[in-house]
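Notes for the one structure printed next.
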Amino acid sequence: MTGLRAATAIVGIAEAVSPTGELDQRGLALEARMIREALADAGLGIGDVDGLCYGGNPSGMAEFLGIHPRFLDGTAVGGSSYELHVEHAAAAIAAGLCEVVVGVYAATPRSDRKRSSGNNGPRRFGPPPPGMEWEMPYGLRGPIGSYALSASRHMAEYGTTSEQLAQIAVDTRRWAALNPSARHRDLITIDDVVGSPMQASPLHLLDCCLVTDGAGAFVLTSAERAADLARPPVYVLGAASASDHGSSMTQMPDLTTTAGAVSGPAAFSTAGVTPPEVDLLMGYDSFTITALLHLEDLGFCAKGEGGEFAADGKLGPGGSLPMNTNGGGLSCTHPGQYGMFLIVEAVRQLRGEAGDRQLDGPEVAVAHGSGGVLSTMGTVVLGTEATR
Amino acid sequence: MKLMEPRDDERHEPFWTATREGILMLPWCNECDAAFWYPRPVCPRCLGDDLGWRAAEGTGVVYAVSVQHRPGTGRDVDDGPYAVAVVSLPEGVRMLTNVIGCDPGDVVVDMAVTVAWHELSDGRQLPMFEPGSQPTTRE
Ligand SMILES: [Zn+2]
Numbered sequence: 001m002t003g004l005r006a007a008t009a010i011v012g013i014a015e016a017v018s019p020t021g022e023l024d025q026r027g028l029a030l031e032a033r034m035i036r037e038a039l040a041d042a043g044l045g046i047g048d049v050d051g052l053c054y055g056g057n058p059s060g061m062a063e064f065l066g067i068h069p070r071f072l073d074g075t076a077v078g079g080s081s082y083e084l085h086v087e088h089a090a091a092a093i094a095a096g097l098c099e100v101v102v103g104v105y106a107a108t109p110r111s112d113r114k115r116s117s118g119n120n121g122p123r124r125f126g127p128p129p130p131g132m133e134w135e136m137p138y139g140l141r142g143p144i145g146s147y148a149l150s151a152s153r154h155m156a157e158y159g160t161t162s163e164q165l166a167q168i169a170v171d172t173r174r175w176a177a178l179n180p181s182a183r184h185r186d187l188i189t190i191d192d193v194v195g196s197p198m199q200a201s202p203l204h205l206l207d208c209c210l211v212t213d214g215a216g217a218f219v220l221t222s223a224e225r226a227a228d229l230a231r232p233p234v235y236v237l238g239a240a241s242a243s244d245h246g247s248s249m250t251q252m253p254d255l256t257t258t259a260g261a262v263s264g265p266a267a268f269s270t271a272g273v274t275p276p277e278v279d280l281l282m283g284y285d286s287f288t289i290t291a292l293l294h295l296e297d298l299g300f301c302a303k304g305e306g307g308e309f310a311a312d313g314k315l316g317p318g319g320s321l322p323m324n325t326n327g328g329g330l331s332c333t334h335p336g337q338y339g340m341f342l343i344v345e346a347v348r349q350l351r352g353e354a355g356d357r358q359l360d361g362p363e364v365a366v367a368h369g370s371g372g373v374l375s376t377m378g379t380v381v382l383g384t385e386a387t388r
Numbered sequence: 389m390k391l392m393e394p395r396d397d398e399r400h401e402p403f404w405t406a407t408r409e410g411i412l413m414l415p416w417c418n419e420c421d422a423a424f425w426y427p428r429p430v431c432p433r434c435l436g437d438d439l440g441w442r443a444a445e446g447t448g449v450v451y452a453v454s455v456q457h458r459p460g461t462g463r464d465v466d467d468g469p470y471a472v473a474v475v476s477l478p479e480g481v482r483m484l485t486n487v488i489g490c491d492p493g494d495v496v497v498d499m500a501v502t503v504a505w506h507e508l509s510d511g512r513q514l515p516m517f518e519p520g521s522q523p524t525t526r527e
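Listed in order, the protein sequences are those of chains A and B.
Going by the numbering used here, the residue at position 57 of the first sequence is 57; the numbering climbs one at a time, nothing skipped.
If you want the numbering used here, it's the 1-based position in the second sequence plus 388.
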């Protein structure tokens, strides 16, 4: 396992998010632009790329880009796919399968909705995932209802309160206020969150992520190759993933503990890092409860203590555990799958390029993605030259 | 109550036939001698296919609950908020279901529940749960 530690580095990033929540481009054009910009950031060109991570059809994307990769990863497990892409690409590079891998994501649900308004034909769905035929009649709203069930159990088992969950939304908004690209930048209070309309109890509107357009890309290469490129390398110190169910919350062994309790310690172990040494947590925040579960499952606090841990504001600006400094899925951007943005912001902070919200010399950042309905977790531990 | 009616799938004929008599059947693995949920062609413990159906006790305890204030797919906003719960059955499985027969806001974790039936348009019945009379015990 030590073979993964600092064997690779993220050397290029790109991102497109907008305070309006909308982007002009979409689809393949947007994805191609992200790849071009991430390669330019790295000081590389498309001809250098020999590996591709894409949660659609990677060979189709490779054809579109005009490249002939010898490593393809089409992992599509929802929002954490991008953490798994980094994990898999890092392992592939470390094993000598390829040398320069790009990963890309783009989705434009906000402007797509606007484009299609007025001519809404029936939406076509494929066959439901296994088990869903037994659940569809009961009208659990997706995806929020699944997270609400987890929050319900966490509250009953550990006494977690709506106010404690609300604090996560409040602190995330304080970060968003410092990010000119964030969708929502006006400060909010705990009362605003618990007073916002109940959606699926116990989750209120302001416990939920946004729906925006967004896109991003990363370039990963070997540590040796990274040394000569345009930007300071951000090393992959550790990476791991785990999954404990698919779409049905009846199959999740414990609604208060995610597979992050497996992926987190595994990634930390490879990295040789402990939670107190983490300077920035980019923790997937589709809902406030999602982020709270990460705090516990990754070991920043004990199981059941996440509410109390978050309640003093330590996750916000000036706090002891900065979390989601870009404003997160709750306040910055969430195009449906948010995992790419965790990686981009972590890299930006470790390079010292985060503007008004820049942390003071961070050396270790964690990008922790959640995919499905708390189903598949991917943890990536990133570090600067000082941690190599 | 408007909802998406499940298909009358012949693979699950014993399940749906029993619902007409008000009996909740669970898929059963003869190799593991244990129930599982949801129904599928192989056992999720041993991957075996020596399977059958057995009647459940028809009781349970609420493991988690969420009141949907905005309706999910297939539901009608006019029917108002409703409780969706994960219920733990004494047979060792958890089911997603609705808890009916009380104010949805009164459904709480650890509440004892009993199977209740929602009649479908073809006479089959969809299992739901309602508050039960058993002493409330933590799972
Ligand atoms: Zn079995």
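Note that the Cβ used here is the ideal one computed from N, Cα and C, for glycine as well.
Residues of the same chain with a CB within less than 6 Å of the CB of A:Leu44, apart from the 5 flanking positions on each side, do not exist.
Using beta-carbon distances, B:Gly460 counts as an interface residue toward chain A, with a partner under 7 Å. Taking 7 Å as the cut-off, the Cβ atoms of A:Val234 and A:Ile10 count as close. Taking 4 residues as the minimum length, the alpha helix (DSSP H) runs contained wholly in the segment 287-363 of chain A are 288-297, 306-310, 339-351, in order along the chain. Straight-line spacing of the CA atoms in A:Ala92 and A:Gly238 works out to 14 Å.
Not one heavy atom of ligand 1 sits closer than 6 Å to the Cβ of B:Glu401.
Of the candidates A:Tyr54, A:Glu31, A:Asp228, A:Ile35, the residue whose Cα lies closest to the Cα of A:Gly47 is A:Ile35. Taken from the Cβ of B:Arg433, at least one heavy atom of ligand 1 lies inside 6 Å. One alpha carbon belongs to B:Ile411, the other to B:Ala444, and they sit about 8 Å apart. Of B:Val475, B:Val450, B:Leu484, B:Asp491, the smallest CA-CA separation from B:Pro469 is found for B:Asp491. Within the same chain, Cys53, Pro58, His85, His88, Ala89 come within 7 Å of A:Asp73 by CB-CB distance, once the 5 residues on both sides are set aside.
Beta-bridge analysis with DSSP links A:His368 to A:Gly283, A:Thr379.
The beta carbons of B:Val497 and A:Ser152 sit about 6 Å from each other, so the pair counts as a contact at 8 Å. Relative to ligand 1, B:Gly480 has its C-beta separated by 6 Å or more from all heavy atoms.
Cβ-Cβ distances below 7 Å link A:Thr333 to Val17, Arg183, Leu210, Thr212, Gly214, Phe341 in the same chain, with the five nearest sequence neighbours on each side left out; the list follows chain order. From the beta-carbon of A:Glu133, the residues of chain B found nearer than 7 Å are Pro394, Arg395. Spatial neighbours of A:Leu330 in its own chain (CB-CB distance under 6 Å, excluding positions within 5 residues in sequence) are listed in chain order as Ala169, Thr172, Cys209, Asp285.
Counted as a single uninterrupted DSSP element, the alpha helix (DSSP H) harbouring A:Ile168 occupies residues 162-176. For the C-beta of B:Ser454, the chain A residues within less than 7 Å are, from N- to C-terminus, Gly145, Ala148, Leu149, Ser152, Ala200, Ser201.
For B:Glu393, same chain residues with a beta-carbon under 6 Å away, outside a window of 5 residues either side, are Leu508 in chain order. Boundaries of the beta strand (DSSP E) harbouring B:Arg442: 439-443, taken from the DSSP string.
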